[in-house]
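Trainee: Quick note: the sequence shown uses our numbering, first residue 173, plus one each step.
Heads up, the beta-carbon is just placed ideally off N, CA and C, and yes, glycines get one too.
Here you go, one structure.
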Amino acid sequence: MKKVVSLVLVFLMMSTVVIGTNSSVSATPESVIQYYRTKIITYATGAIGADYAEEGETRFGPNTYDCSGLAYKAYIGINIPSSTAAAQAYYQVVTMKKSTPYANRRYGDLIFYDLYKNNNNRYHDIDHVAICAGNGYIIDAGSPGVTKRLDTHFNSSSVTETAVPLY
173 MKKVVSLVLV FLMMSTVVIG TNSSVSATPE SVIQYYRTKI ITYATGAIGA
223 DYAEEGETRF GPNTYDCSGL AYKAYIGINI PSSTAAAQAY YQVVTMKKST
273 PYANRRYGDL IFYDLYKNNN NRYHDIDHVA ICAGNGYIID AGSPGVTKRL
323 DTHFNSSSVT ETAVPLY
């Protein structure tokens, strides 16, 4: 019974999105997801131009980021792991059954990569995470900093998983 009540409460909370202080918009689950996807991309786009976080610098912005720090900050308030490594976030997102095929990626999705194809002792050897910006673009943090670029920099064989932490 407690589970049923909890599920009903979650559904009711997700069926209305509050925007600003006085207005609310009745929403379907898909429109709630769209709302959050837009918030994620807005945050990530605002970080473009920030420097890459070197050792000893904060990796959570606003002036410097690393790849997993940018993903975490873009998803603040949205239920994704707060881990310090892209590999751990990948493990948690995938075990929560929130993955999707790379071909079906949409803006706001997280894309996890094994770029160097070496054993780095991380889950599935993940060494990078980027945010899908739509239309073939990604937003990510790497040297020299946060950029938006075509996803052709990495080939699809480097992609380990594409995750949708929003549903």
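1. Taking the continuous beta strand (DSSP E) assigned at Thr319, which residues delimit it?
2. Among Arg321, Tyr247, Asp223, Lys320, which residue has its Cα nearest to the Cα of Ala335?
3. Please report how far the alpha carbon of Arg226 lies from the alpha carbon of Ser240, in whole angstroms.
4. Do Ile283 and Ala302 have their C-beta atoms within less than 8 Å of each other?
5. Does the beta-carbon of Ile311 have 16 or more other beta-carbons within 10 angstroms, so that it is buried, or is it exposed?
6. Per DSSP, what kind of secondary structure is Tyr274 in: helix, strand or coil?
7. So what's Ser240 in DSSP terms, helix, strand or just coil?
8. For Val331 versus Leu242, is the C-beta spacing smaller than 8 Å?
9. Which class does Ile311 belong to by DSSP, given the choice of helix, strand or coil?
10. Please go through the same chain and pick out, in chain order, the residues whose beta-carbon is closer than 6 Å to the beta-carbon of Thr256, but skip the five residues on each side of it.
11. Once DSSP output is grouped into helix, strand and coil, what is the label at Tyr247?
12. Tell me, to the nearest whole angstrom, how far the beta carbon of Gly228 is from that of Ala219; I am working on the premise that it is less than 8 Å.
13. What does DSSP give as the partner residues of Ile303 in its beta bridges?
14. Taking the alpha carbon of Tyr279 as the point to measure from, which residue in Ala222, Asp223, Leu322, Asp286 has its own alpha carbon closest?
15. I believe Tyr309 touches Ile298 by the beta-carbon criterion, under 8 Å. Please report the beta-carbon distance rounded to the nearest angstrom.
16. Helix, strand or coil: how does DSSP classify Thr230 here?
Mentor: So, from the data block:
1. 317-322
2. Tyr247
3. First, the amino acid is wrong: residue 226 is Glu here, not Arg. Those two C-alpha atoms are separated by around 13 Å.
4. yes
5. That one is buried.
6. DSSP places Tyr274 within a helical segment (H, G or I) once states are collapsed to three.
7. helix
8. No, the Cβ-Cβ distance between Val331 and Leu242 is not below 8 Å.
9. strand
10. The predicted position of Thr256 is uncertain, since its pLDDT is 49 and thus under 50; no value can be drawn from it.
11. coil
12. Contact between Gly228 and Ala219 does not hold, since their C-beta atoms are separated by about 20 Å, which reaches or exceeds 8 Å.
13. Leu282, Ile311
14. Per the Cα distances, Leu322.
15. Contact doesn't hold; Cβ gap of about 21 Å is too wide.
16. coil
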